[in-house]
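Here the structure comes first, spelled out in structure tokens, and everything after it is commentary.
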Amino acid sequence: MYCDKCGAQLPDDAVFCSKCGNRVKTASQQDVANSQNGQQNTTQTRPIIAQSGVTELKCPGCGAPIKPTQGEMVVTCEYCGTSVTLGNTGWTNVSRHTMLNLSVEDTNQLHEIIKKHLDKGLLGRHMFEESKEEELTLTYVPYWIVPTGANSSFKYLNVAAEVGTLAMDAAIMGVADDAMGGRGGGMGGGMIDGMMIGGMMSGGMGGNNAIRGGTFSQNYQFPVLAIKDRPHLQPDSYNFKLDQRIDFNNSKIMKSIKVLNGDIDEDTSKEMAKTLVSQVQENVIKQKHHHLEALQTQCNTGTPELLHVPIWQGKYTHKKREYYVIVDGSDGQVMKTDIEKLK
Numbered sequence: 003m004y005c006d007k008c009g010a011q012l013p014d015d016a017v018f019c020s021k022c023g024n025r026v027k028t029a030s031q032q033d034v035a036n037s038q039n040g041q042q043n044t045t046q047t048r049p050i051i052a053q054s055g056v057t058e059l060k061c062p063g064c065g066a067p068i069k070p071t072q073g074e075m076v077v078t079c080e081y082c083g084t085s086v087t088l089g090n091t092g093w094t095n096v097s098r099h100t101m102l103n104l105s106v107e108d109t110n111q112l113h114e115i116i117k118k119h120l121d122k123g124l125l126g127r128h129m130f131e132e133s134k135e136e137e138l139t140l141t142y143v144p145y146w147i148v149p150t151g152a153n154s155s156f157k158y159l160n161v162a163a164e165v166g167t168l169a170m171d172a173a174i175m176g177v178a179d180d181a182m183g184g185r186g187g188g189m190g191g192g193m194i195d196g197m198m199i200g201g202m203m204s205g206g207m208g209g210n211n212a213i214r215g216g217t218f219s220q221n222y223q224f225p226v227l228a229i230k231d232r233p234h235l236q237p238d239s240y241n242f243k244l245d246q247r248i249d250f251n252n253s254k255i256m257k258s259i260k261v262l263n264g265d266i267d268e269d270t271s272k273e274m275a276k277t278l279v280s281q282v283q284e285n286v287i288k289q290k291h292h293h294l295e296a297l298q299t300q301c302n303t304g305t306p307e308l309l310h311v312p313i314w315q316g317k318y319t320h321k322k323r324e325y326y327v328i329v330d331g332s333d334g335q336v337m338k339t340d341i342e343k344l345k
């Protein structure tokens, strides 16, 4: 797919052009427009399998009974792997259901991954050997992968321009001081410090030239955890290898590994993705421009996809203090840990 404004090549699910910021026309454009108008249109084009109040429904894939527990809004059939989701209009199929294959299959391999990661940390080597493993689980965790286009406009204080203005003012003050007989030989340095603080605090020193504007556009395939009460499983800056995902297949999952259901529906995941992506945009912009004066981000979303990821969750104690380590079982990378709190 190509941008109809600048001609840049884009991913098929792009919402904004990452080069010029133009909103591109995609297959999910109508969904995006409807969501902006307050219409929950994610599932209305899919047939209703059952009404929202039912305690049991028939799997659309194999006909087996599916019995959602109270609060569940994403349920995977334990027999054939078909997933259904609850929306405002009732139960429907998910638009697409994928998975990542498990590559870290045994605890010895897992422990080596965790040990290697902890040895690189600030707490020193042998952290893992000195810890006690309290709990270790492997489950397939559901995530909504939400196509999200973000376009941020911002204003920032151009510190270089500000410093240039201050340097000029300092030079003028130095000339004036010399003309007055050099009575205040130390005033120049003190005036620079004072003007720098004043300019930085008010954002007004240096006139309009010190305030610059910019834009930043980016497309995301953003993961949103589909379970409310497990925030430690929501990735921060970690990216799943989505190019390795395959269609969900129950036969590829060992019977001993539980496939978790979720309690966050598609429309809620879209709103959560907007919030999380806005935070990512802000962090990226702040890395380049530390002194933001204003920031506004617009996010648009397409139809989410359900992705199940094999996740190892380990709970440990070190000198009577607990910490956890989350490992992506498909890639063998540490996804998240709160080990830093032990520093």
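Under the working numbering, think of the first position of the sequence shown as 3, with each following residue one higher.
Idealized CB from N, CA, C, for every residue including glycine.
How far does the alpha helix (DSSP H) with residue i in it reach, from first residue to last?
i, result
"Asn110", "Thr109 to Asp121"
"Ser97", "Note, Ser97: premise wrong, no alpha helix (DSSP H); not H, not E."
"Val282", "Glu268 to Lys290"
Among the options, whose alpha-carbon lies nearest the alpha-carbon of residue i?
i, options, result
"Ser239", "His291, Gln246, Val226 and Thr217", "Val226"
"Ile51", "Cys82, Val96 and Ala16", "Val96"
"Thr47", "Gln281, Trp93 and Ile248", "Trp93"
"Glu342", "Lys122, Gly83 and Phe224", "Lys122"
"Cys61", "Thr71, Gly55, Glu74 and Glu80", "Glu80"
"Val56", "Thr87, Gly63, Gly83 and Val26", "Thr87"
"Pro149", "Leu278, His292, Gln315 and Tyr326", "Leu278"
"Leu244", "Val76, Val329, Glu307 and Gly264", "Glu307"
"Pro49", "Asn110, Gln72, Phe130 and Thr91", "Thr91"
"Met75", "Phe218, Thr270 and Ala212", "Thr270"
"Gly334", "Thr139, His113 and Ser54", "His113"
"Ser2", "Val161, Gln53, Thr139 and Glu135", "What the structure shows of the chain is the stretch from 3 to 345, and residue 2 is not part of that stretch, so it cannot be assessed."
"His293", "Lys272, Tyr158 and Asp265", "Tyr158"
"Leu102", "Thr305, Gly304 and Lys254", "Lys254"
"Phe218", "Leu235, Ile287 and Asp267", "Ile287"
"Pro70", "Asn263, Arg247 and Gly63", "Asn263"
"Val327", "Lys276, Leu235, Gln111 and Lys230", "Leu235"
"Ser85", "Asp265, Lys290 and Asp231", "Asp265"
"Phe242", "Gly63, Val143, Arg232 and Gln111", "Val143"
"Ala296", "Arg214, Thr305 and Lys272", "Arg214"
In terms of residues, what are the limits of the beta strand (DSSP E) holding residue i?
i, result
"Ser85", "Ser85 to Gly89"
"Ala1", "This structure cannot speak to residue 1, because the chain is shown only from 3 to 345."
"Ala152", "Lys134 to Leu159"
"Asn221", "Ile213 to Leu227"
"Met337", "Gln335 to Thr339"
"Val76", "Val76 to Thr78"
Name the one or two DSSP bridge partners that residue i has.
i, result
"Met101", "Ile248 and His310"
"Gln315", "Thr139 and Ile328"
"Gln106", "According to the sequence shown, residue 106 is Val rather than Gln. Looking at the DSSP assignment, Val106 forms no beta bridge with any residue, so it has no partner."
"Leu260", "With the sequence shown as reference, residue 260 is identified as Lys, and Leu is not the correct amino acid for it. Answer is Thr141, bridged to Lys260."
"Gln298", "Ser155"
"Arg323", "His320"
"Gly92", "Gly89"
"Ala52", "Trp93"
"Phe18", "Arg25"
"Leu59", "Ile68"
"Thr303", "Thr150"
Which whole-angstrom value describes the C-beta separation of residue i and residue j, a residue pair presumed to lie in contact below a C-beta threshold of 8 Å?
i, j, result
"Pro312", "Leu104", "4 Å"
"Val336", "Ile68", "The pair is not a contact, with the Cβ atoms about 34 Å apart (cut-off 8 Å)."
"Thr339", "Ser133", "About 12 Å; that fails the 8 Å criterion."
"Gly216", "Val17", "Actually they are not in contact, since the Cβ atoms of Gly216 and Val17 sit about 20 Å apart, beyond 8 Å."
"Gln283", "Gln220", "7 Å"
"Gly83", "Asn302", "The Cβ separation is near 31 Å, so there is no contact."
"Val261", "Thr78", "5 Å"
"Gln300", "Asn153", "5 Å"
"Gly316", "Glu135", "6 Å"
Pull up the distance between the alpha-carbon of residue i and that of residue j, whole angstroms please.
i, j, result
"Leu59", "Lys321", "49 Å"
"Gly89", "Thr141", "25 Å"
"Met274", "His99", "19 Å"
"Asp33", "Tyr145", "Residue confidence is low: Asp33 scores 46 on pLDDT, short of 50, so the model does not pin down where it sits. No coordinate-derived value is stated."
"Gly65", "Leu309", "22 Å"
"Asp249", "Val329", "22 Å"
"His119", "Ala228", "27 Å"
"Phe156", "Glu137", "45 Å"
"Trp314", "Gln281", "27 Å"
"Thr331", "Met129", "Per the sequence shown, residue 331 should be read as Gly rather than Thr. Whole-angstrom Cα-Cα distance: 22 Å."
"Gln72", "Ala212", "56 Å"
"Arg25", "Ile147", "20 Å"
"Gln53", "Asp267", "15 Å"
"Gln289", "Lys276", "20 Å"
"Asn285", "Gly63", "43 Å"
"His365", "Gln298", "No answer is possible for residue 365: it lies beyond the span of the chain, which begins at 3 and ends at 345."
"Arg247", "Glu324", "33 Å"
"Pro232", "Lys272", "It is Arg, not Pro, that sits at residue 232 in the sequence shown. Roughly 18 Å separates the two Cα atoms."
Tell me whether residue i counts as near the ligand SAM, meaning its Cβ is closer than 7 Å to at least one heavy atom of that ligand.
i, result
"Val327", "Ligands displayed in this structure: none; no statement on the ligand SAM is therefore possible."
Strictly under 8 Å for the Cβ-Cβ distance: is residue i near chain B by that measure?
i, result
"Asp333", "Structure shown: chain B not included; a single protein chain is present."
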